[in-house]
Structures are given as structure tokens and as C-alpha cells.
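Numbering (this note's numbering), first residue to last: 111 to 806. Beneath this line is the structure, given in C-alpha cells, with notes to follow.
Encoded structure:
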């Protein structure tokens, strides 16, 4: 195969994937019972399009001799994967056309007064969903092989991916049996791309010899005598004595083997292997958890975000404030709390002394279910006890936005070192030259040099504009405003929290994936973590404001006076643009799931969302700072065994503090429905009590 043919095929397939993704959107509303499957298929189409785009770019820049540098079976596997994509996408296109036809027929019957029911082809569409995932995984493995610098690495990656290739082959055979009328070519070289019928047509309908190339490649991979698994990482780092590496195709990551104890771990070792060094992370999934029962557990809440009234009325920004001096955050209580009842009593005493209406605390372990404590009332001076199912405002959603980014980095859609010009090529002529070297990592770590706050920039005109436009237009306006003028400080040198940083990240995500940030958060985070209560905006704003004496969810309160803030009034100052920074909510057990995922990922354990090696930069401090591209801060704590990660914020009458201790396998968080310094203080004090309770 020549590079031009591969690039042309990949380009045509990208168009096909995008068209299928848009077609899925047309049937979404009619098939309400199958919206989860449709969402997942749209997500997989996005991931597959990104992989195909990366393949197109790679071979469009390659020379004629590039394919000859790789083993022959690698190029055959690539050819087979592209042919498999054509088959899968062609069948998917016809299935969607069939669904659209059923909708049109049903609409015609409805116009005559007849009752209709839309029938979803569950088994067929589930099979296509699995095949889309398999095609994405296979292409990702092959892209890793193409990017490798040695034959040893290529062989190790391809050999470890045999199970993935086998699943794709089995899926293709299943689709062939269920769709015998579908024609497909033996190679992309025998294929022409046409947009007149479904997506593809062949030069010869009789070119259906699909079994032989699949079998020959699979057999060749199985019988080829491959070199042993590499004893060093792909980047050539030297491991301590007594360690070697392995490659997991299931998790698509390298792992480390202690040759003395024969135990394996995901974390990179730092000390030589000794017999007593028998630590091995438990690679078991988290216990299954039933969704929290709540009348507000809806995903189709209109996308809104949070911004305090005080932030708009005053000259300050109102962003979720972080505590720069973490050394003063965690002062241990002097008493022991060796039982759950004593600990809960201590928390309630703390809450009452601070006159805080509601307080929620979570103690998370890497290998066991979290412990949840909720105390107090939803509203000050109102007998309405909070429950585990109640939804609290997550007043600093930076880590959620950057988690979506980390997933897309893992899937090859982004790189942490991409510059502003790479992220926004359409704005290159409007971007000030001083921003040209700003990277994604700088935006995530709030080292972009942007210090002017969003409520005051452009003399306040920008923020007033954001209140009347949708999220996409607002984020684009933020990019034009901030990137069109020089930064306030040299990028990469100064930490300053700013709404603009996560907004620029969310705009980059939306521009490249053609999906809204909110939909990606739902499909990439809420769905895999079973966060059924999670949504955007403020929890149950309408009912809370219409029945002030019988609130259905926790109210936000002003920190100094403890007066409740009217949710209906707050919504007037919540431009949807700011969802990337603050403007999501969920129950405490659901937030514990999110914290648990990050704890395990920071420990180097594969999770439903993040894999260890690609996630490493997410938790690594940017340059020589104490801030990571994932918007987490780094601190050293004795109770954490050394390195700890923390994040906090205050906004819209709520405050939050979250601490991760990867070396201990523990995490702690607290949320209170008061803001300002009072809110930060009680959440940090509550975390202190939780740490002491866990230690006793």
C-alpha cells in the first residue's frame, strides 16, 4: 500500500463517521428508550473519527518508502482495519436509514390518528456499537505501533493486541452473517468511495474475499516467533534493578514486574526490587453500586452554569477561589474519633459551631466502598434534613473539565503540549503573538498568563454579553477577547486562577470533537461512573425557589451572614459559558465515585475512564510548579505518606475541598452549602476530622 491510498481512505472514512454521527442525532428524540446507546455510538464515532484523522495526517506527510519501514503484517493489519471500518460504517448507515424510514412511516400513521411505537433494533445496534469500539481500539494500537521507534516495540504492541484484533475479526464475521447482502472489498486499493447510496460502493460486487486476509493475518500473528516483551519502557528509561516491563493490551498500558516476587504493578518503580517489596495494587474493579434514588436524577437538565450574585455585584470575580497556602488547611482535632458515631457527632458539632446549614463528608478508599456522612438541613432555619440522595453544587468543576480533556488525550485527540495556534487555527490571525507558545498544560495548570478576571475584562461588556448567548457563542467570545490582547503575565511563569482557562479548554474540545462539553461530560464521565444524579446548573432551581419553606434540595448560603441565596435570582447570573468552571451538581455518593476514580488513577490503577500511563501528565506538576495540567495542586503531607493532591473552591453559596493521598490509597472531601472564607474553613476542618478519624 502507498501512503496516498491510506490517507485517501482515512479521509473518506472520516467523512463517513461524521455523517453517521449526525444521522444518529436525527433519531435520538424518537427512540427515547435507547438514547444511552445512541449517545455511546455518537461518542465512539467521535473517537473513531479522531483516530482516522490522525492516520490521515500521518500518511499524508509520509514518503513513498514509509510503509516499507514496518513489518509487512502491520500494514496488512492496517489495511484490514480500514476495510473493517468500511463494512461497519456502511451497515450502520443502512441501519440508520432504516430507522429514519420507520420514523417517517410512523409519522404518516400518526397524521391519520393511529398509535405507533418506534422499534429499536437493540441486538443489531449493540453489535455495531461493540464493533465501533473494536475498530477504534485496533486503530489506536496500530497508531501506537506506527509511532514506535523500534521493531521490538512494534512486535510487543501488535502481539499484545491479538485479542483486540480477534474481537474485531469476530465482530466483522458476525456482521457479515447478519447482513449477507453487504459487499466489501478485499483491500482499500480495490475500493472506491461514493456518496450516492449509503457511503461506499465497490469496483466489483464480487470482491467479497474477506475470510482469507483475516485468517492469514491472524495466523501469521499467532505463529510468528516474536521477541520477548521489552525490558525497558518505550522511552528508554532505565528501571531499577530487579524490575522489567510488560504490556497489557486490555488496558493499552505498560506495567512493571518485580522479578524477585513475580508481582506486577502499574506504578513506575523507584527502588530496586527486594524480597520484602511485595506491594501490588489490586486491579479489581470498584464494587457495583445501585444508582441513588432521587426525583432529580435527570440527565436532560438544561445546560447552565454557576456564578455568585456577589461576584457580579462586586468588582471581584466570584470564581471558585483556591487556597494558596495549603499548610494552614489541615489542623487536626485534639480528640480521637475511633467509632463512626463519635466521628459523626464531631462533624455535627463542627457544623453547628460554624452555623452551617448542611455539611457532607466522604472518606474514599481505593479498594472498598466510600463512607458517606450528611448532616444538617437543606436551608438555614428550615427543618428539612439533607439526605444521601440530595444534590450539592460542585462549585469547582475544573477537574471535571480537565478529566474530559485527559480522556481525549488518552484517545489521541489532543496532546498536552499543543499550542494555542494548534487549538484554534481559525483564530491565528486574531491571536496576539505573546500567546503563541501557551499550551494546553498551561491552561489546565492556570499558568497561561491570563490574570484579568472575566467579570471586569472589556469594562464588564464581555460578561454582560455572556448572559444573553448560548455556551458555544459565549466561549468563542471569551477566546476572541482574551487571545486578541497580550497576556497579563508571561505564560508559564505565574499561577493565577481564571475562568478563562477552563473556558478555552472547553472551546478547544468542542471545536475538535464537534460535541458540546456538556454532552461529553455526560458520556465520558457521568455514564461510565454511574453518576445518575449528576446534571448542569443548580439542582432543582424551580422547585427550590417556588417553595422556599419546603426546599427539595440544599440551598446555597452567603458565607458571612449565613443568609440563603435565592436560586431563581442566582440563575439570572449564571451564563452557560461558565459550565467548564462551576455549574454542575450531583449527590454525595456520586461525587465519591468521581473522587474514587481519580484516587485509583493517581495510584496507577486502570479505571473506567483514565489509564495509568496516559494519565501520568495529568497528575504531574507543570514545570517546577505545584499545579498540574489537571488543575490539581500538589502538597507534601505526613498523613498522606508524602505527596498529596488537593483542590477546593467556593461559589454560588457552596464550598468544597477534596484531597487525594495516592500513596495511602485514601481520599477525603467535604461540601458545605455556604461560600466565602467561612465555607472554605469548615470544609477544610471537616477534611481534617475525616483524616483523623481514618487514622484512629
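Note that beta-carbon positions come from the ideal geometry of N, C-alpha and C, so glycine has one too.
- Cβ-Cβ distances below 6 angstroms link residue 157 to 246 and 521 in the same chain, with the five nearest sequence neighbours on each side left out; the list follows chain order.
- With contacts defined by Cβ atoms closer than 8 angstroms, residue 572 and residue 564 form a contacting pair.
- Listed in chain order, the non-local C-beta contacts of residue 636 below 6 angstroms within the same chain comprise 644, local neighbours out to five positions each way being set aside.
- Proximity to residue 673 across 686, 662 and 658 peaks at 658, based on C-alpha coordinates.
- Residue ranges of uninterrupted alpha helix (DSSP H) with 4 or more members, entirely inside the stretch 470-532 and ordered along the chain, are 508-520.
- For the pair residue 649 and residue 582, the Cα-to-Cα distance works out to about 22 angstroms.
- In this structure residue 639 is not in contact with residue 511, their Cβ atoms being roughly 15 angstroms apart against a cut-off of 8 angstroms.
- Straight through space, the alpha carbons of residue 535 and residue 482 are spaced by roughly 46 angstroms.
- Counting C-beta pairs closer than 8 angstroms gives three or more between the stretch 178-198 and the stretch 272-290, which meets the contact rule.
- In terms of Cα proximity to residue 289, the closest of 200, 455, 351 and 124 is 200.
- Per DSSP, residue 776 is not a residue of any alpha helix (DSSP H); the beta strand (DSSP E) it occupies stretches across 776-782.
- Residue 744 and residue 182 have their C-alpha atoms spaced approximately 47 angstroms apart.
- In the displayed model, residue 758 falls within a strand according to three-state DSSP.
- Per DSSP, the beta-bridge partners of residue 771 are 776.
- When the alpha-carbon of residue 758 is set against those of 770, 751 and 257, the nearest one is in 770.
- Pairing residue 244 with residue 802, the inter-Cα distance amounts to about 46 angstroms.
- Under DSSP, residue 743 shares a beta bridge with 737 and 756.
- Counting the other Cβ atoms within 10 Å of the Cβ of residue 721 gives 16 or more, which makes it buried.
- Restricting attention to 580, 550 and 591, the CA atom closest to the CA of residue 569 is found in 591.
- Shown here, residue 689 sits in a helix according to DSSP, grouped into three states.
- Per DSSP, residue 695 is one residue of the beta strand (DSSP E) stretching across 694-697.
- With fewer than three CB-CB distances shorter than 8 angstroms, the stretch 724-738 does not count as touching the stretch 540-548.
- For residue 171, the secondary structure class from DSSP, reduced to helix, strand or coil, is coil.
- Between the alpha carbons of residue 202 and residue 687 lies a distance of about 34 angstroms.
- Non-local C-beta neighbours of residue 774 in its own chain, meaning closer than 7 angstroms and more than five positions away in sequence, comprise 750 and 751, ordered along the chain.
- Counting every other CB atom within 10 Å of its CB across the protein chains shown gives residue 126 a total of 16 or more, marking it as buried.
- One alpha carbon belongs to residue 778, the other to residue 166, and they sit about 45 angstroms apart.
- Of the other Cβ atoms in all chains shown, fewer than 16 fall within 10 Å of the Cβ of residue 273; this residue is therefore exposed.
- By the neighbour-count definition (other C-beta atoms within 10 Å, threshold 16), residue 132 is an exposed residue.
- Taking C-beta separations shorter than 6 angstroms and ignoring five residues to either side along the sequence, the partners of residue 151 in its chain run 134 and 239, following chain order.
- DSSP lists 355 and 375 as the beta-bridge partner residues of residue 366.
- Non-local C-beta neighbours of residue 747 in its own chain, meaning closer than 6 angstroms and more than five positions away in sequence, comprise 754, ordered along the chain.
- In the structure shown, residue 564 falls within a coil segment according to DSSP collapsed to helix, strand and coil.
- For residue 578, the number of other beta carbons within 10 angstroms of its own is below 16, and it is reported as exposed.
- The shortest C-alpha to C-alpha distance from residue 527 to any of 485, 185, 718 and 602 is the one to 602.
- Going by C-alpha positions, residue 641 is about 44 angstroms away from residue 172.
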